[in-house]
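Numbering (this note's numbering), first residue to last: 1045 to 1259.
For every residue, glycine included, the Cβ atom is placed at its ideal position computed from N, Cα and C.
Nothing here was measured: the structure is a model prediction, and the numbers come from that model.
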């Protein structure tokens, strides 16, 4: 698929994983989560290129072309509309980390685990607003959305968005960075798996309050 630049050019961003011909395991599962999240995004293509180091050496020319070594598999690169060279991903092979990478380097958004799309948009709009009154209006809009949510889990995480907005209004933009550090320390501590998942959800929501150039 990577050979078909006409296909790639139809998307704002194309994520490509270079790997063995038949990949498996945790890293493949995490990449699959990214692909699943991108199913309904018209602006993002998720692709894989299987590289053979035996027999006909299938796709080895593509690996060489993009400077990919089998010793580094899996290698992930992001092709962004308007950019002449792909951007290499160097983080952990975790779905949410890869989604944040896509967000940072393109105009494509993928919803992170526990996040709510409409509130993600409001969080970004909230942080971009420069006036207190504008932010108050956005907070009111978030409260209005919250009033229509019935799912217990979604109510729980909606409250996080609203509390973050309230705290920023009280303490300023710097609250987000300090809160992110606090939640990360809790997540990295000795807590149950369920609590870790909850803290990761909070971290994902906090990402929506971080400006793109600060990711």
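Alpha-carbon to alpha-carbon, residue j and residue i
i            : j            : result
residue 1067 : residue 1192 : 43 Å
residue 1049 : residue 1178 : Residue placement at residue 1049 is flagged as unreliable, the pLDDT there being 49, under the threshold of 50; a coordinate-derived value is accordingly withheld.
residue 1128 : residue 1231 : 39 Å
residue 1205 : residue 1246 : 9 Å
residue 1115 : residue 1063 : 10 Å
residue 1045 : residue 1155 : Note on residue 1045: pLDDT 45, under 50, position unreliable in the model; the coordinate value appears next. Near 25 Å, if we compare the C-alpha coordinates of residue 1155 and residue 1045.
residue 1117 : residue 1188 : 47 Å
residue 1316 : residue 1100 : What the structure shows of the chain is the stretch from 1045 to 1259, and residue 1316 is not part of that stretch, so it cannot be assessed.
residue 1113 : residue 1069 : 20 Å
residue 1072 : residue 1149 : 22 Å
residue 1182 : residue 1194 : 21 Å
residue 1105 : residue 1111 : 10 Å
residue 1163 : residue 1235 : 28 Å
residue 1251 : residue 1153 : 12 Å
residue 1167 : residue 1090 : 26 Å
residue 1096 : residue 1147 : 31 Å
residue 1216 : residue 1108 : 49 Å
residue 1190 : residue 1210 : 14 Å
residue 1239 : residue 1228 : 12 Å
residue 1074 : residue 1225 : 24 Å
residue 1132 : residue 1139 : 16 Å
residue 1012 : residue 1145 : Missing from the structure shown is residue 1012; the chain here goes from 1045 to 1259 and no further.
residue 1244 : residue 1141 : 11 Å
residue 1082 : residue 1123 : 15 Å
Cβ neighbour criterion (16 or more within 10 Å) applied to residue i
i            : result
residue 1098 : exposed
residue 1058 : buried
residue 1176 : exposed
residue 1159 : buried
residue 1143 : buried
residue 1242 : buried
Bridge partners - residue i, DSSP secondary structure assignment
i            : result
residue 1058 : 1089, 1123
residue 1131 : 1122
residue 1094 : 1063
Selection from the options that minimises the alpha carbon distance to residue i
i            : options                : result
residue 1056 : 1125, 1062, 1102       : 1125
residue 1093 : 1170, 1165, 1215, 1121 : 1121
residue 1202 : 1123, 1060, 1213, 1186 : 1186
residue 1249 : 1213, 1237, 1233, 1207 : 1207
residue 1134 : 1061, 1168, 1214, 1054 : 1061
residue 1103 : 1209, 1225, 1065       : 1065
residue 1198 : 1212, 1074, 1237, 1157 : 1157
residue 1087 : 1131, 1054, 1165       : 1054
residue 1130 : 1212, 1119, 1222, 1220 : 1119
residue 1084 : 1123, 1161, 1137, 1145 : 1161
Does the contact criterion of 3 or more C-beta pairs under 8 Å hold for the stretch 1236–1256 versus the stretch 1167–1176? yes
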